[in-house]
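For reference, the structure is listed below as structure tokens.
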Amino acid sequence: MSVECPLSPEVFTAKDYRSSLKPIWCPGCGDYGVVTAIYRALTALGRPPHEIAFISGIGCSSRIPGYTTAYGFNTVHGRALPIAQGIKMANPDLLVLVAGGDGDGFSIGGGHVPHAIRRNLDLTYLVMDNQVYGLTKGQLSPTSPRGTKTASSLHGSMEDPVNPLLYALAYGAGFVAQGVPADMEGLAKMIEEAIRYPGFAFVNIQSPCITYGEPETQLKTQKNRMRKLAAEGHDVTNRIRAMELAQEYGRTLYTGVFYRNPAPPPTYESLIRERQRELQDKTPALEEPLDSNGTENGGLPAG
Ligand SMILES: Cc1ncc(C[n+]2csc(CCOP(=O)(O)OP(=O)(O)O)c2C)c(N)n1
Ligand code: SF4
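Following this line, the structure appears as structure tokens:
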């Protein structure tokens, strides 16, 4: 389906968002489904590709901007969010998408997530959570379940995983959802909703790594394992209930919107514009050089 963009007379279809670069993910990688869901979501939104900036970190999943026709920046491991925030502040009119893996977002980049959430720029953060470091050949990631045997944990990991859903909810993200590529329609709709949410939106995507991931996480098992929150009658405005459901991360595969703030607070970029207006008439005169005694003009004779 395609719709007419209110900002442009053009009508866009999914192929307008697909770049000529051929993905080099392993055949069967969940990330293929994720990029298809993104094409669908962008088509439904109808924003021209040149009005979209797609920022990622480093990892298999972080290759994703290159497979779209949006402006893309495959940045530095764990640094997608700071760069995306800078881009959004510099040009608030851009639609800014941010993507990466669970390692990129919750390991090396983990320190940036709470600050991006509390700053609340209008960004959509898509994490392809495969519970493993795919690009570097299958080491433990921060979301690997306890006991996972990998190249870096031959006898099984001895740590509990990070819970990305609970983490985002606890720091106050206004939109938190979880999707699976096996439910393409649901995932595309969820990404569209996340983009439409006016503030920081987080979508955790259980995107299986077919090469290094656990058998029970693979695409063919997702349809049987997933439980749609909408079918369970979940009230998406109930944050406490969303947090209870999020505790099931790693056990029950809930999909859908966990939480959508019914009264979204102002975004950081709108507060900046407000502050700029407030200060417009109050701009202090250019500072005069001061000498060590605090006298103006550095103590030099005037003229
Ligand atoms: C500063 C830095 N440290 C480590 C690496 C090596 N490295 C690249 S990607 C990656 C982890 C990838 O895992 P994830 O973010 O979960 O993405 P995936 O490949 O699974 O999609 C690591 C450790 C790097 N590129 N830069
Ligand atoms: S290693 Fe895993 S995450 Fe990377 S492309 Fe292959 S299947 Fe996908």
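Numbered according to this note's numbering, the sequence shown spans residues 5 to 307.
Glycine included, every Cβ here is placed at the ideal spot set by N, Cα and C.
| Asked | Found |
| --- | --- |
| Local Cβ density within 10 Å of PRO31, reported as buried at 16 or more and exposed below that | exposed |
| C-beta atoms of ALA356 and GLU197 nearer than 9 Å | Coverage of the chain is limited to positions 5 through 307, which leaves residue 356 absent and any answer about it impossible. |
| Within the region 222-300, ranges of the beta strand (DSSP E) (whole runs, at least 3 residues) | 230-232, 257-264 |
| Reference ALA18; option with closest CA among TYR129, GLY254, ALA192 | ALA192 |
| For ASP133, the residue or residues it bridges with in DSSP | GLN210 |
| Host alpha helix (DSSP H) of ILE56 (start-end) | Per DSSP, ILE56 belongs to no alpha helix (DSSP H); it is in the beta strand (DSSP E), 56-60. |
| Beta-ladder partner(s) of TYR75, from DSSP | ALA57 |
| Continuous alpha helix (DSSP H) assignments of at least 4 residues falling wholly in the region 120-175 | 168-174 |
| Expected contact under 8 Å - CB spacing of ALA84 and VAL100 to nearest Å | No, ALA84 and VAL100 are not in contact; Cβ-Cβ is about 10 Å, not under 8 Å. |
| Euclidean distance between Cα positions of SER6 and ALA235 | Any reading at SER6 needs caution, since the residue's pLDDT is 47, under 50, leaving its predicted position unreliable; the model's value is listed next. Looking at the two C-alpha atoms, the distance is approximately 27 Å. |
| Closer than 8 Å: ILE62 CB and nearest ligand 2 heavy atom | no |
| Terminal residues of the alpha helix (DSSP H) in which GLY70 lies | Segment: none, GLY70 is in no alpha helix (DSSP H) and carries neither H nor E. |
| ARG83 in three-state terms, based on DSSP | coil |
| Closer than 8 Å: THR221 CB and nearest ligand 1 heavy atom | no |
| Alpha-carbon spacing of ARG229 relative to GLY105, whole angstroms | 22 Å |
| LEU139: CB within 8 Å of a non-hydrogen atom of ligand 2 | yes |
| Reference GLU55, options PRO96, ILE62, GLY151, VAL38, closest by Cα | PRO96 |
| heavy atom of ligand 1 below 8 Å from ASN134 C-beta | yes |
| Residue range of the unbroken beta strand (DSSP E) whose run includes LEU101 | 99-105 |
| Bounding residues of the alpha helix (DSSP H) (the contiguous stretch that carries VAL38) | 35-49 |
| Cβ pair count under 8 Å reaching 3, the region 248-258 against the region 165-180 | yes |
| beta-carbon GLY104 near ligand 1 non-hydrogen atom, thresh 8 Å | yes |
| PHE110 - DSSP class collapsed to helix/strand/coil | helix |
| Inter-stretch contact at 8 Å, needing at least 3 Cβ pairs: the region 34-45 / the region 117-134 | yes |
| Within 9 Å, strictly: CB atoms of ILE91 and PHE77 | yes |
| Sequence-distant residues of the same chain with beta carbon closer than 7 Å to GLY14, five excluded per side | According to the sequence as given, residue 14 is Glu; it is not Gly. So the qualifying residues of the chain are PRO52. |
| Reduced DSSP secondary structure (H/G/I, E/B, other) of ALA177 | coil |
| Candidates LEU158, ASP285, LEU275, of which the one nearest ASP126 by Cα | LEU275 |
| Ligand 2 heavy atom lying under 8 Å from the CB of TYR175 | no |
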